[in-house]
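Report on the structure given below.
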Amino acid sequence: MRAKTKCFWHIVPAAFALLLTTSPLSPQSNEDCLGCHEDKELKSEAGRSVFVDTVAFVSSSHGQAGISCVDCHADLGRVKEFPHSSPLKLVDCSGCHEASVREFKRSVHFASNQKPEGQPAVDCKDCHGTHEIKGAESFDSTIFPLNLPSTCEKCHLQKAKTEKGLEFIGQYNLSVHFRALEKSGLTMSANCSNCHGAHAIKRADDPEAPVARKNIIKTCGLCHVGIERNYLAGAHGKDYVKGIKDVPVCTDCHSEHNILAPQDLNSTVYATKVAEVCARCHDNVALSRQYGFLTSRLKTYNETFHGTAAKFGETRVANCASCHGFHDIRPASDPASSINPENLPRTCGQCHPGASRRFAEGQVHAMPGSDVVAKYRSSHVVKNIYIIVIGIIIAVMLIFILADFLRRILRKEIHD
Amino acid sequence: MTSPLLIRDDEIFLRMNLAERIQHWLLISTFLLLIVTGLPLFFYDFKLFKWLLPSGRAFYIRGIVHRTAAVVMIANLVWHLFYTILTKRGRNNLREMLPKAKDVRDAFELFWHNIGLTRFLYRRGIFTRFFRANPYWLFESSPRYGRYNFIEKFEYWALGWGSLVMIASGFFMWQVEISLRFFPLWVHDIFIIVHGYEAILAFLSVIVWHMYNVHLNPEVFPMSKVWLNGRITGKELRLLHPLEYEKIEAERRRALSEEAL
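Written out as structure tokens, the structure reads:
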């Protein structure tokens, strides 16, 4: 029964087509069009090439599906005089791709920067191509994952400047995501549309954009599922769920387009650089007051051997993440925290084998004025005593020497 | 009877023998190495040190050099200790090096002699009677020193004390795990502070005190050569170490008279 109906619907258009080609009123067949448009030298009135690559069209998705020229160039269906006048109307894809076009009409590409006659700055063909159009699964499609970045960059490296400038988009080409596409051909690595969406692409400050602060955790979590889970379990994630805007999301630490592996020297979270990323908030006095955490974390870290060595590029010393963890950072009061006093021997023991409870009897970030156990700040007292003693000793020495120097000069003058 | 000339002005005396000079050279080189490889940790923001240690690898090597220099310096100190105890010359030096009440007095007298305030007042006719009755307070001449003056003694014992502090704190910084087996973290933090600030004190003292008193002062500028050849002349001995000069003179006179007998 079903097979019969299917067969029927194939025969009807074929019969129609047969009928129409013989009639003088029939629309042009592909052969009619290509008769002229096969010519590589063919130019429009405006001087633009109007050559159509037959081979490319036949092997395209549309060509394979038997869609004819006039199905898309509908305005030619009624033309009787040839050569026809140009330009033709912009092809309307919504006849078949209704949902995609509906999404596209809500996108920044459609809305922003419209051309005078109500046409979008970017339309379907700018990303998908024209006669040679192919689906995303085809290797030579403009939207095949490995090809998509260069498709977007056709505009975004040159003319289509976003708020953060042209370099910002080009930085993607340095990222670990791009490298995975380019070098290893991993199509599951994030390309433009994985993060930004495709037809419904929106500005990053649009709350509906997948890259908006509100949505970015979920967006990155599409691939990095385990990390999303860890993040949501940590202090940052818990505040993020509460809707606190100042809490860092993925991109605050890892940067946006130029995301690199932590082992990469230029990564924002590279062992010797991560402290500065953390300090952007954790040394910020205004934020510390608002959310009640301690500042001077970087300063006190730099004063330790760990921090000093890291400043000189030594990667084997502890950085923020070595002790505090990273995605699921927890406050010391949390029994599951790596810096909970109970867990410190194990945390410190990663580098200092046999670390005992003694490691917990003190404070790494102790600073004058912070409310820690008084004896934990004794080193500061010792330091101040030293500064005073050194000052006095050197001052006395200098006075002594000055007196001696003047006397010897005087005596020499008398002798001479 | 004319007393024979017992010490000629151009006679050569050995103030530092070869062993003492080698000890001093080792001390200088290890001290400088320790300073150069240690200061970057103290002044981690200085561009100079960033340039000196451009990578994590260089920083790592810095640590190795620092600890090697420390071991050599300690070995040198141990050698000096044995040298001081086991040789006659060493024991004699130590005896001369022991601080005495005279050293405090010498420091006081030298300072007021150099300042010359009381002589100035006396010439102006102020407190004349007091100064006539107590000419000591005029500090007319600078104090007379033995083999080692208070300046040298102060340095010697400061170096000894400083070495102890640096070795102890440095050892525990080197062996963090051992340190934290015996001490809580806050005590370990004190070791770190002490090591850094004691080093600054030592560095400044050497630059200011030793460099001026031994090398840069107008009388020997640009430097004393004793640390190189170990020698001083009879004249220098007479001027700089009069008490030692007189002691040697007395010994020779006694030997002469014994010979005459």
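In the order they appear, the protein sequences are chains A and B. First residue of the first sequence? That's 0 in numbering that gives the first Met the number 0, and the numbers climb one at a time after it. First residue of the second sequence? That's 0 in numbering that gives the first Met the number 0, and the numbers climb one at a time after it. Yeah, the Cβ is synthetic: ideal placement off N, Cα and C, and Gly gets one too.
Closer than 9 Å at the C-beta level to chain B, one finds these residues of the segment 293-310 of chain A: N301, E302, T303, F304, G306, T307, A308, A309, K310. For the segment 183-217 of chain A, the set of positions with a beta-carbon nearer than 7 Å to some beta-carbon of chain B is empty. Among the CB atoms of chain B, none fall inside 7 Å of the CB of I391 of chain A.
Taking C-beta atoms under 8 Å as the contact rule, R357 of chain A and P183 of chain B qualify, at a distance of about 5 Å.
S67 of chain A sits in coil when the DSSP states are folded into three classes, being neither helix nor strand. Using a Cβ distance threshold of 7 Å, I11 of chain B and R230 of chain B count as a contacting pair. Per DSSP, the continuous beta strand (DSSP E) segment holding I231 of chain B begins and ends at 230-232.
Under a 10 Å Cβ-count criterion, T346 of chain A is classified as buried, with 16 or more other Cβ atoms of the shown protein chains found around its own Cβ. Of all residues in the segment 169-190 of chain B, only M172, V175, E176, S178, L179, R180, F181, F182, P183, L184, W185, V186, H187, D188, I189, F190 come within less than 9 Å of chain A when Cβ atoms are compared, listed by chain position.
N113 of chain B belongs to the set of residues whose beta carbon lies under 7 Å from a beta carbon in chain A.
If the five residues before and after A198 of chain B are omitted, its C-beta is found closer than 6 Å to the C-beta atoms of G37, all from its own chain and listed in chain order. Spatial neighbours of F58 of chain B in its own chain (CB-CB distance under 6 Å, excluding positions within 5 residues in sequence) are listed in chain order as L52.
Interface annotation for the segment 136-152 of chain B against chain A: empty, criterion Cβ-Cβ distance under 7 Å.
In the three-state reduction of the DSSP assignment, L13 of chain B falls in the strand class, which pools E and B. Put simply, the CB of F119 of chain B is far from chain A, with every gap to its CB atoms at 7 Å or more.
By the CB criterion at 7 Å, K152 of chain B and P241 of chain B fall outside the cutoff. Taken atom to atom, the span from the alpha-carbon of N133 of chain B to that of I408 of chain A is near 28 Å.
Here DSSP, grouped into helix, strand and coil, assigns K42 of chain A to strand. Membership of H323 of chain A in the alpha helix (DSSP H) is indicated by the continuous run 319-323. Under the DSSP definition of a beta bridge, S337 of chain A lacks any partner. In this structure the segment 144-164 of chain A touches the segment 183-203 of chain A; the number of beta carbon pairs closer than 8 Å is three or more. The Cβ atoms of G195 of chain B and F48 of chain B do not sit closer than 7 Å to each other. Around S377 of chain A, the beta-carbon contacts reaching into chain B at under 7 Å are W185, I189.
In the DSSP assignment, I189 of chain B falls within the unbroken alpha helix (DSSP H) covering 184-204. At a beta-carbon threshold of 7 Å, the residues of chain A lying near W208 of chain B are M396, ordered along the chain.
For K310 of chain A, same chain residues with a beta-carbon under 7 Å away, outside a window of 5 residues either side, are N301 in chain order.
A Cβ of chain B is located within less than 7 Å of the beta carbon of H351 of chain A.
Listed in chain order, the non-local C-beta contacts of C92 of chain A below 7 Å within the same chain comprise V100, C123, local neighbours out to five positions each way being set aside. The beta carbon of G161 of chain B sits no closer than 7 Å to any beta carbon of chain A. For S48 of chain A, the pairing in a beta bridge is given by DSSP as A:K42. Proximity of A320 of chain A to chain B, defined by a Cβ-Cβ separation below 7 Å, is not satisfied. Rounded to whole angstroms, the gap between the alpha carbons of A120 of chain A and K158 of chain A is 11 Å.
Taking the Cβ atoms as the reference, A234 of chain A lies roughly 6 Å from R329 of chain A, within the contact range of under 8 Å.
Only those residues of the segment 202-232 of chain B whose C-beta falls short of 8 Å from the nearest C-beta of chain A are listed: L203, S204, V207, W208, Y211, N212, N216, P217, E218. Taking CB atoms only, Y269 of chain A has no neighbour in chain B less than 7 Å away. Look at G361 of chain A: its C-beta is under 7 Å from a C-beta on chain B.
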